[in-house]
């Protein structure tokens, strides 16, 4: 940072801290750490796009009451946000102006059923005027003007009139003053505060005109409604306040500069970009027509913004890929790399080298990017190199295609969809990058003709995700704020006691039915609760005072079973979900009538649950084994780079298998996989106890060996599960003892074994990459693992028998069947890799035998060729004998032929069925007027055959044996 930047009255760190301290110390707010910008538990969002995202369970009334967040009444923080996909997407605007970003910080304060409009507006005014000393004459406020569905927010307007004159309190429609997080979810009218950078004028008509001189800096959302899937609005049971203030915009105002990019948030990055790229000049802040030197400043802005987005997204768990948020990140990276290479003249690899400077600027506030620095660099570098390999060719191809379009259509030509598709499939250019380059040439892209374009990112409907719960009935069986509020306030239903879910094999007697739910919108009041249900009710939900059923969470699938009433009603449980403090059992009545107040017994299908528990416990052991093998143990290449770790990225545990996703930027070697599998099996053989204990969150977090999922929210107190000989109380007594590093210790609310011996067996079936830097392991335990091990043992016996064969036709036929059988086996991937290597050895043995046999047959084949030649009229002989694609043998036969028969050329065709290809070789004796190369090219035309030669000798190889007969016919003609 320069001396000038050091002397700023309002450096960025002071801006951030002043805001937080104002609400924390003067208005009783709790500082609440920024959530990851990659949502952990919200499938409706690609990225965290606003400060309120992590508080959505509080707004909806679905927050687990055991979570520390549930106790919040007022909160403040600076939230990491990304708007580069889905409903809120600023990607295409970044660089073109001086105030849009894909990554930004949202300073925010929240009220959860505490204060509302009067207090929120008063705090906003005091913060801006008293703390930040903004000129009040430059401030404008807006409010919701209302529409056909919602009345105007006159309450907010009247409050603002206490602070501002009427001409600076302005009404706007829903597009500007009704805030929605997504297609569904919490929403409400909002009031915005806009600032006139110039001042001394009436700027009312410039508010919301998308001008850099009059900008929105503060937005108070008054969350009063929930947007339903059908578009309607329902009042929330409690009113909330969500404040968002643009950190970058406020910083630019306080530092007296014209744009966000002229602040100490970006200027150090610009200087680093200049040094790394050798840019033709420093950043100058030019926009649009001012940029007469190749969009240099636009490139600065794009690169600086995009390295922030990539770095924070990767640190928080996302990686570039071909779908979803990964595809958005790939677009972001390629856009930045293209600008750096094309507009600033940067060399390959410049983009990843920017990461350390960003870490230097931001790590004090967000230490996670420092911890993940090496991992971020490795991912960005790999992705940058991958794209750069085709970038130069792609840019030239685009220029050629664009020039051709302009020559044909004129200056405002349309770039064809066919050409855009070619750039995407062949050059790896996302279509929006092609659109951007076309725009710079005053062209448009024919999107209608872009047949294979990637689907636009859409927010996933939670209703669709949960549709399976409705059992095909089409009913909406979700419970949101209105349902949970109705349960608490109207029906007075207590939180479900689900402590019995950890019982391993017993019927829970004496539970009571507290509520019956038939679906949202299925009752007159639209809330969905009834007093009794029968088989005619289709899919229903049952809430009990206590249950032994496990609700789906933490990657573990739900329990199934039966709930039977004392009166004889039978309810088949097909799904179990958790909403706030209520466990909802979903299924159908198969007999009788079930009513509120009935006494029931809970019968979980423990036969199904046993392998689930086994798979879950061994998932914990696998997590430990991966860290031990990949990070803790030194290898030939040394330990993992500093800051690189094996972090859990997701899991799915059911009765059939366990699937575990983790961060690692390389395929695991056979040795690493073997070591991981060996550790898991060793833990089963040594019969390690599995202990669970509920401890205060602060105490549990002190355990040095603890493994927790990044970004996950844990309750207080929290359940700790340890696969260790010592009880968890011993671990808590000495949390930093290095002994615990030899075992698995995790936060977990799932069901587990009591000892690893109950898993019986472990088999690692598969390891694969699912995205850049994300690997997936699938494994089985219990009977499935024993079956896989037995199958491997049986197959190994077949390989042992095959190894005793000396070669020949018998081994050749056996190799084919062994290969097919090996591919279809459900066995350890470690074993399968070894088996394939053994079969490859057999294949080499067969090939050696075949070559020796064919070499010994040279004279026999030559004799047959000569006989065919003597029996053929004309000056060309077509001869087929299948000896594989051994060109040397073919030449020897052809040479023998031309020495014996001086007036004829020969074409030899030989198929290799194993390799699915065939050889076409032609040779002519000296002085004979036959062009062998032309002959070979003619007969192999249209077959993708490759080869070459001269007039007197040529050879081609065709990669498809099915075409050999048609080539023979052509050759004879």
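In this note's numbering, the protein residues as written are 109 to 1081. Glycine included, every Cβ here is placed at the ideal spot set by N, Cα and C.
Compute the beta-carbon to beta-carbon distance between residue i and residue j, rounded to the nearest angstrom, for a pair I have assumed lies under 8 angstroms.
i            : j            : result
residue 726  : residue 855  : With 8 angstroms as the limit, residue 726 and residue 855 do not qualify as a contact, their Cβ atoms being about 17 angstroms apart.
residue 638  : residue 624  : 5 angstroms
residue 629  : residue 584  : 6 angstroms
residue 488  : residue 441  : 7 angstroms
residue 729  : residue 864  : 7 angstroms
residue 635  : residue 591  : 6 angstroms
residue 202  : residue 409  : 7 angstroms
residue 347  : residue 332  : 6 angstroms
residue 717  : residue 859  : 6 angstroms
residue 802  : residue 832  : That belief does not hold up - the Cβ atoms of residue 802 and residue 832 are roughly 17 angstroms apart, past 8 angstroms.
residue 784  : residue 770  : Wrong, their Cβ atoms sit about 11 angstroms apart, outside the cutoff.
residue 168  : residue 589  : 5 angstroms
residue 1060 : residue 1044 : Contact doesn't hold; Cβ gap of about 12 angstroms is too wide.
With residue i as the anchor, note down where its alpha helix (DSSP H) starts and where it stops.
i            : result
residue 1065 : First-last for residue 1065: 1061–1066, but that is the beta strand (DSSP E), not the alpha helix (DSSP H).
residue 467  : 463–470
residue 446  : 432–451
residue 125  : 120–134
Hey, could you find the ends of the beta strand (DSSP E) residue i is sitting in?
i            : result
residue 343  : 341–354
residue 324  : 322–335
residue 678  : 678–687
residue 183  : 182–190
residue 1000 : Here residue 1000 belongs to no beta strand (DSSP E); instead the alpha helix (DSSP H) covers 995–1008.
residue 669  : 669–673
residue 799  : 798–803
Output needed for residue i: all residues of its chain with C-beta closer than 8 angstroms, excluding positions within five of it in sequence on either side, in chain order.
i            : result
residue 974  : 1004, 1005, 1008, 1009
residue 469  : 373, 376, 377
residue 393  : 206, 366, 367, 369, 370, 405
residue 1073 : none
residue 1024 : 1067, 1068, 1069
Going by CA-CA distance only, name the one from the options that's closest to residue i.
i            : options             : result
residue 654  : 315, 702, 620       : 620
residue 467  : 479, 457, 459, 458  : 479
residue 484  : 502, 495, 460, 600  : 460
residue 899  : 929, 874, 924       : 929
residue 827  : 816, 834, 444       : 816
residue 138  : 130, 638, 144       : 130
residue 841  : 866, 407, 858, 807  : 807
residue 968  : 275, 990, 769       : 990
residue 214  : 781, 964, 191       : 191
residue 101  : 903, 413, 549       : Given a span of 109 to 1081 for the chain in the structure shown, any question on residue 101 remains unanswerable.
residue 907  : 950, 505, 601, 894  : 950
residue 800  : 611, 711, 251       : 611
residue 765  : 844, 258, 896, 820  : 896
residue 349  : 231, 426, 918, 335  : 231
residue 1031 : 936, 342, 1012, 176 : 1012
residue 122  : 814, 473, 162       : 473
residue 173  : 790, 891, 822       : 822
In the DSSP output, what is residue i paired with across the bridge?
i            : result
residue 254  : Answer by DSSP bridge pairing: none, since residue 254 is not bridged.
residue 707  : 620
residue 754  : Per DSSP, none; premise fails for residue 754.
residue 287  : 296
residue 1015 : 986, 1030
residue 1055 : 1064
residue 882  : 771, 879
residue 828  : 801, 855
residue 874  : 886
In chain order, what residues of the same chain have a beta carbon less than 7 angstroms from the beta carbon of residue i, not counting five sequence neighbours either side?
i            : result
residue 1076 : 986, 988, 1017
residue 617  : 709
residue 357  : 207, 323, 325, 368
residue 767  : 759, 760, 884, 886
residue 233  : 271
residue 115  : none
residue 222  : 181, 182
residue 225  : 263, 264, 267, 330
How about residue i: is its C-beta nearer than 8 angstroms to some C-beta of chain B?
i           : result
residue 448 : No chain B is part of this structure, which consists of one protein chain only.
Quick one: what's got a C-beta closer than 6 angstroms to residue i's C-beta in the same chain, skipping five residues either side?
i           : result
residue 723 : 761, 766, 889
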